[in-house]
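Chemist: First the structure, which I've put down as structure tokens, then a few questions once you've had a look.
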Amino acid sequence: MSPVATMDATRSNAVRLAAARLMERCGTLAKITERPGEILRTFLSPSMDKVHRAMRPWMEAAGMRVAVDRAGNLRGLCGDPRGPRLLIGSHLDTVPNAGAYDGVLGVLMGLALVETTRDQGCPFALEVLGFSDEEGTRFGAPFLGSRAVVSELDQSLLDCRDESGISVDEALQGFATRRGEVVEERLSEKSVAYLEFHIEQGPVLESRNLALGIVEGLAGQTRCSVEFRGVSGHAGTTPMKLRRDALAGAAEWIVAVETVTRRFDGAVATVGQIAAEPGGVNVVPGVARCSLDVRHADDAVRAGLVRALFAEADAVAQKRGLRSMAAQYHEQAAVRFDAKLVSVAERAASRAGYSTIRMTGGAGHDAMVIAPHVPAAMVFLRNPGGISHHPDESVAEDDVAAAIHTGLCFLEELAADLQGKGD
Ligand code: GLV
Ligand code: MN
Ligand code: MN
Numbered sequence: 001m002s003p004v005a006t007m008d009a010t011r012s013n014a015v016r017l018a019a020a021r022l023m024e025r026c027g028t029l030a031k032i033t034e035r036p037g038e039i040l041r042t043f044l045s046p047s048m049d050k051v052h053r054a055m056r057p058w059m060e061a062a063g064m065r066v067a068v069d070r071a072g073n074l075r076g077l078c079g080d081p082r083g084p085r086l087l088i089g090s091h092l093d094t095v096p097n098a099g100a101y102d103g104v105l106g107v108l109m110g111l112a113l114v115e116t117t118r119d120q121g122c123p124f125a126l127e128v129l130g131f132s133d134e135e136g137t138r139f140g141a142p143f144l145g146s147r148a149v150v151s152e153l154d155q156s157l158l159d160c161r162d163e164s165g166i167s168v169d170e171a172l173q174g175f176a177t178r179r180g181e182v183v184e185e186r187l188s189e190k191s192v193a194y195l196e197f198h199i200e201q202g203p204v205l206e207s208r209n210l211a212l213g214i215v216e217g218l219a220g221q222t223r224c225s226v227e228f229r230g231v232s233g234h235a236g237t238t239p240m241k242l243r244r245d246a247l248a249g250a251a252e253w254i255v256a257v258e259t260v261t262r263r264f265d266g267a268v269a270t271v272g273q274i275a276a277e278p279g280g281v282n283v284v285p286g287v288a289r290c291s292l293d294v295r296h297a298d299d300a301v302r303a304g305l306v307r308a309l310f311a312e313a314d315a316v317a318q319k320r321g322l323r324s325m326a327a328q329y330h331e332q333a334a335v336r337f338d339a340k341l342v343s344v345a346e347r348a349a350s351r352a353g354y355s356t357i358r359m360t361g362g363a364g365h366d367a368m369v370i371a372p373h374v375p376a377a378m379v380f381l382r383n384p385g386g387i388s389h390h391p392d393e394s395v396a397e398d399d400v401a402a403a404i405h406t407g408l409c410f411l412e413e414l415a416a417d418l419q420g421k422g423d
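Just so we're aligned: the sequence shown equals residues 1 to 423 in my numbering.
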């Protein structure tokens, strides 16, 4: 018998219905995109407005007061706005050519829990947050939505520019004017906890035959730009020996990024973007610009790897008569989640009938921005094949049911904990 089947029949039915509805909603939201043929939704874009319009009636029907804040985050509140509140959230933006579940699932989990507990009364308010940016697809810098709610959108982030030269600051002002009815973004001081459900985006739970994992912490991350400058020239007349080809230098460095990173146990580094100038088929490239994303659970190891990769860029440039310039524009420290809340999540899963393991996540999540301000925890859902940031990303409806059942037990456990504190 599956754990869901061991619940009382009413709850079991409600959980199954909620899981089916959540899957259907992920399918509906996956059709909202700014690039036909693939899923793409970016910070403050018209496609994000459409997602808000799709979600608002679902949230209102669940009894929530719904608003969009100045940073473009969708917010829904159920319960007493002056009392303690549990935040449940994740993000509504995507990477290019995304899957249907990364982020969206966590927001819809919040809504599912509000719908499923509606008539039961909760000793705290539930606030569902659909963050406007976690991926950093539009501006390179991630977590713009969650940073805004904890007052961490500093000037260097506000100055980041998108491909059309618009800064974050200008985009926010334009958004506020366009939408008109935006509200204050800062989290309520009565926020007692933050919970985020997310697909694992890796193969571990599947390999252990487990539906759910309890996340103890997340790896830190650094994002950088690395530029090589040489001399552009005629592709037909510049002899190979006399070239100072910036793109060839970047290529050599990218291969070195793989080799050097393998020496740092547990580290990952990715060059995901490259652009060459002037970009002619018959012109030796004079400039090559690369992105660099580096992650490790230990911040000191990550910092050491970033230094080593920058040094490697200098070495390649020197050998080839190029100049290299490396700059770090985003850093997010590794986080350990709140030990008590992690235990609450673990107890909740166990009470719902699921064995879990504790894990450290390698991806970035809004929870890592919220965690220094509000006790936070995360629950991962098994992700078939570990495929994510890819259109084949998936999750099983049964595992969503497991997450919803665990979420319901989490609310009960948290209520008991808070009541215990009040006694
Ligand atoms: C977002 O998913 C990231 O880890 O970059
Ligand atoms: Mn993602
Ligand atoms: Mn995500």
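All C-beta atoms in this analysis are idealised placements derived from N, C-alpha and C, irrespective of residue type, glycine included. None of the values given here were measured: they were computed from a predicted structure.
Would a C-beta distance cut-off of 7 Å place residue 374 and residue 345 closer than the cut-off?
Modeler: Numbered from 1 along the sequence shown, position 374 holds the residue referred to as residue 374. Numbered from 1 along the sequence shown, position 345 holds the residue referred to as residue 345. No.
Chemist: Within the continuous alpha helix (DSSP H) that includes residue 304, where are the two ends?
Modeler: For this step, residue 304 is matched to residue 304 along the sequence shown. Taken as a continuous stretch (DSSP letters only), the alpha helix (DSSP H) holding residue 304 covers 299-320.
Chemist: I'd like the ranges of any beta strand (DSSP E) spanning at least 3 consecutive residues and lying wholly in the stretch 111-182.
Modeler: Runs found: 125-131.
Chemist: When you measure from the CB of residue 200 to every non-hydrogen atom of ligand 2, does any distance come out below 6 Å?
Modeler: The sequence position of residue 200 within the sequence shown is 200, counting from 1. Outside the cutoff, so no.
Chemist: By the three-class DSSP mapping on this structure, what secondary structure does residue 292 have?
Modeler: By 1-based counting over the sequence shown, the position of residue 292 is 292. Of the three classes helix, strand and coil, the one that applies to residue 292 here is strand, per DSSP.
Chemist: Considering Cα atoms alone, identify which of 28, 324, 416, 356 is closest to residue 211.
Modeler: What you label residue 211 is simply residue 211 of the sequence shown in a count that begins at 1. Nearest of 28, 324, 416, 356 to residue 211, Cα basis: 356.
Chemist: Check whether the stretch 34-50 touches the stretch 130-141, counting contact only when three or more Cβ pairs, one atom from each stretch, lie closer than 8 Å.
Modeler: Yes, the stretch 34-50 is in contact with the stretch 130-141.
Chemist: Using only alpha-carbon positions, find the residue among 55, 193, 279, 90 that is nearest to residue 24.
Modeler: One-based indexing of the sequence shown puts residue 24 at position 24. Comparing Cα positions, the closest option is 55.
Chemist: Cβ of residue 110 versus every heavy atom of ligand 3: is any distance shorter than 6 Å?
Modeler: Along the sequence shown, read from residue 1 onward, the residue named residue 110 stands at position 110. Answer for residue 110: no, Cβ out of range of ligand 3.
Chemist: Between the Cα of residue 125 and those of 184, 287, 192, spot the shortest distance and give me the residue it belongs to.
Modeler: The residue given as residue 125 occupies position 125 in the sequence shown. Measuring from the Cα of residue 125, the nearest candidate turns out to be 192.
Chemist: Nearest by alpha-carbon distance to residue 337: which of 94, 215, 385 is it?
Modeler: Taking the first residue of the sequence shown as position 1, residue 337 is located at position 337. Ranking the options by Cα distance to residue 337, first place goes to 215.
Chemist: Which residue comes first and which comes last in the alpha helix (DSSP H) that contains residue 347?
Modeler: Residue mapping note: residue 347 aligns to position 347 of the sequence shown, counting from 1. Residues 339-351.
Chemist: Given residue 181, which residues of its chain have a CB within under 8 Å of its CB, disregarding the five upstream and five downstream residues?
Modeler: Counting from one through the sequence shown, the residue named residue 181 turns up at place 181. So the qualifying residues of the chain are 67, 68.
Chemist: Would residue 240 be called buried (16 or more neighbouring beta carbons within 10 Å of its own) or exposed?
Modeler: Position 240 of the sequence shown, counted from the first residue, corresponds to residue 240. With fewer than 16 Cβ atoms within 10 Å of its Cβ, residue 240 is classed as exposed.
Chemist: Given 8 Å as the limit, is there contact between the stretch 322-338 and the stretch 219-233, that is, 3 or more CB pairs closer than that?
Modeler: Because the criterion of three Cβ pairs below 8 Å is met, the stretch 322-338 and the stretch 219-233 touch.
Chemist: If you pair each beta-carbon of the stretch 361-368 with each one of the stretch 161-172, do three or more pairs fall below 8 Å?
Modeler: Flag = no, the stretch 361-368 and the stretch 161-172 do not touch.
Chemist: Cα-Cα, which of 148, 18, 52 is closest to residue 30?
Modeler: If you number the sequence shown from 1, residue 30 lands on position 30. Out of 148, 18, 52, 52 has the C-alpha closest to the C-alpha of residue 30.
Chemist: Comparing the C-beta of residue 329 with each C-beta of chain C, is any distance below 7 Å?
Modeler: In the structure shown, chain C cannot be found, because there is only a single protein chain.
Chemist: Does DSSP classify residue 51 as helix, strand or coil?
Modeler: To locate residue 51, count along the sequence shown from 1; it is residue 51. Helix at residue 51.
Chemist: Would you kindly work out how many angstroms separate the C-alpha atoms of residue 318 and residue 350, rounded to a whole number?
Modeler: As a working mapping, residue 318 is identified with position 318 in the sequence shown. As a working mapping, residue 350 is identified with position 350 in the sequence shown. Whole-angstrom Cα-Cα distance: 57 Å.
Chemist: Within the continuous beta strand (DSSP E) that includes residue 457, where are the two ends?
Modeler: Nothing can be reported for residue 457: it is not among the residues displayed for the chain, which extend from 1 to 423.
Chemist: What are the boundary residues of the alpha helix (DSSP H) that includes residue 262?
Modeler: Residue 262 sits at position 262 when you count from the first residue of the sequence shown. Unbroken alpha helix (DSSP H) run through residue 262: 246-262.
Chemist: Do you know offhand how far residue 75's Cα is from residue 418's?
Modeler: Along the sequence shown, one-based indexing puts residue 75 at 75. Along the sequence shown, one-based indexing puts residue 418 at 418. If I take the Cα positions, the gap works out to 24 Å.
Chemist: With H, G and I counted as helix, E and B as strand and the rest as coil, what does DSSP make of residue 107?
Modeler: Here residue 107 refers to the residue found at position 107 when the sequence shown is read from its first residue. In this structure, residue 107 counts as helix in the three-state DSSP scheme.
Chemist: Using a Cβ-Cβ cutoff of less than 7 Å, which residues in the same chain neighbour residue 406 once the five nearest sequence positions on both sides are dropped?
Modeler: Locating residue 406 in the sequence shown gives position 406, where the first residue counts as 1. The residues are 212, 348, 349, 352, 354, 379.
Chemist: How should residue 16 be labelled, buried or exposed, when 16 other C-beta atoms within 10 angstroms of its C-beta is the threshold for buried?
Modeler: Mapped onto the sequence shown, residue 16 falls at position 16. Buried: at least 16 other Cβ atoms inside 10 Å.
Chemist: Evaluate the contact criterion for the stretch 277-292 versus the stretch 195-204: three or more CB pairs, one atom per stretch, below 8 Å.
Modeler: Short answer: they don't touch.
Chemist: Measuring CA to CA, which of 236, 179, 144, 127 is closest to residue 194?
Modeler: For this step, residue 194 is matched to residue 194 along the sequence shown. When each option's Cα is compared against that of residue 194, the closest is 127.
Chemist: Express the C-alpha separation of residue 62 and residue 119 in angstroms, rounding to a whole number.
Modeler: Numbered from its first residue, the sequence shown carries residue 119 at position 119. Numbered from its first residue, the sequence shown carries residue 62 at position 62. Distance between the alpha carbons of residue 119 and residue 62: 10 Å.
Chemist: Using the three-state DSSP reduction, which class does residue 236 fall into: helix, strand or coil?
Modeler: The residue you call residue 236 lines up with position 236 of the sequence shown. DSSP places residue 236 in coil when its eight states are reduced to three.
Chemist: On the DSSP letters alone, give me the boundaries of the alpha helix (DSSP H) that residue 231 sits inside.
Modeler: Taking the sequence shown and counting its residues from 1, the one referred to as residue 231 is at position 231. Neither: residue 231 is in no alpha helix (DSSP H) and is coded neither H nor E.
Chemist: Label residue 222 either buried or exposed according to how many other C-beta atoms from any shown protein chain fall within 10 Å of its C-beta, with 16 as the threshold for buried.
Modeler: Here residue 222 corresponds to residue number 222 of the sequence shown, with the count starting at 1. Answer is buried; the Cβ neighbour count reaches 16.
Chemist: With a threshold of 6 Å (Cβ to nearest heavy atom), would residue 135 be considered close to ligand 4?
Modeler: You won't find ligand 4 in this model; what it holds is ligand 1, ligand 2 and ligand 3.
Chemist: Which stretch, first to last residue, makes up the beta strand (DSSP E) that contains residue 396?
Modeler: Working through the sequence shown from its first residue, we reach residue 396 at position 396. It is not in any beta strand (DSSP E) - residue 396 carries neither H nor E in the DSSP assignment.
Chemist: Does the beta-carbon distance from residue 332 to residue 220 come in below 7 Å?
Modeler: Here residue 332 corresponds to residue number 332 of the sequence shown, with the count starting at 1. Here residue 220 corresponds to residue number 220 of the sequence shown, with the count starting at 1. A contact, by the Cβ cut-off of 7 Å.
Chemist: Who pairs with residue 440 in a beta bridge, going by DSSP?
Modeler: No answer is possible for residue 440: it lies beyond the span of the chain, which begins at 1 and ends at 423.
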